[in-house]
Every structure is written in structure tokens, then in C-alpha cells.
Amino acid sequence: MNARDIILRPVINEKSTNLMDDKKYTFDVLLTATKTQVRNAVEEIFDVKVKSVNIMNVRGKDKRVGRYTGKTARRRKAIVTLTNDSNDIKIFQDEDKEDNK
């Protein structure tokens, strides 16, 4: 399995952006991904060293539209902690590059 298939997207919300100061990055990952697969994928894609990986399963929520009910998709989140000597992951583009365009 390809490393880019395991990491689906970064999770960007208030809590995850606050965790980035502590070198903890949150990603949505494949439902069948293990901690070892996530560690290897992050190290390969972003060229960093991973200290630990915590994984949680997020259940789908019940939603209604009128009389019709359904569920949102379940997902799996991974919080990846980097080592202190590792480089930061650039999730956001630099503002300097956007100004030059």
C-alpha cells in the first residue's frame, strides 16, 4: 500500500492547530491503517522523525433531513507526535509565497 493512500488529509480545527505548537499533528487516516503504517507513511511523506502515534476511531453521527435519517461516515484519526530534533510539517503555505503571486 502506498504511503499517500494511508494519510487521507490533515485535520484542521482549533484543537489540532493548538497541538501543532507541541509538534503534534492530526491526520485522517485509512480505516484499516495501523500505528506502524501511519508512522512509516508520515516519515516517508514529510521527511520527519516520529516519536509516537495515537489513533482513535470516530463514529458516524446520526443526521436528519426532514423525515429521512442517515449517518455521516465514520473515520479514523491519528495524532502524530514528532521528536524534538525533527523539522516541523508545513501544512499551511507560507504567506510570503502567496504575496508574490
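Note that the working numbering has the sequence shown beginning at 77, numbered continuously upward. We put the beta carbon where it would ideally sit given N, CA and C, even for glycine.
- For the segment 98-175, the continuous beta strand (DSSP E) assignments of 3+ residues that do not extend past its boundaries occur at 100-105, 126-134, 138-141, 144-147, 151-158, in sequence order.
- Just so you know, the alpha carbons of A154 and R140 end up roughly 28 angstroms apart.
- In the structure shown, the three-state DSSP call for I83 is strand.
- Excluding the 5 residues flanking it on each side, A79 has same chain C-beta neighbours closer than 6 angstroms at A117, E120, I121, in chain order.
- A Cβ-Cβ separation of about 14 angstroms leaves R150 out of contact with A109 under the 8 angstroms criterion.
- Out of D98, I88, T157, the CA that lies nearest to the CA of K125 is found in T157.
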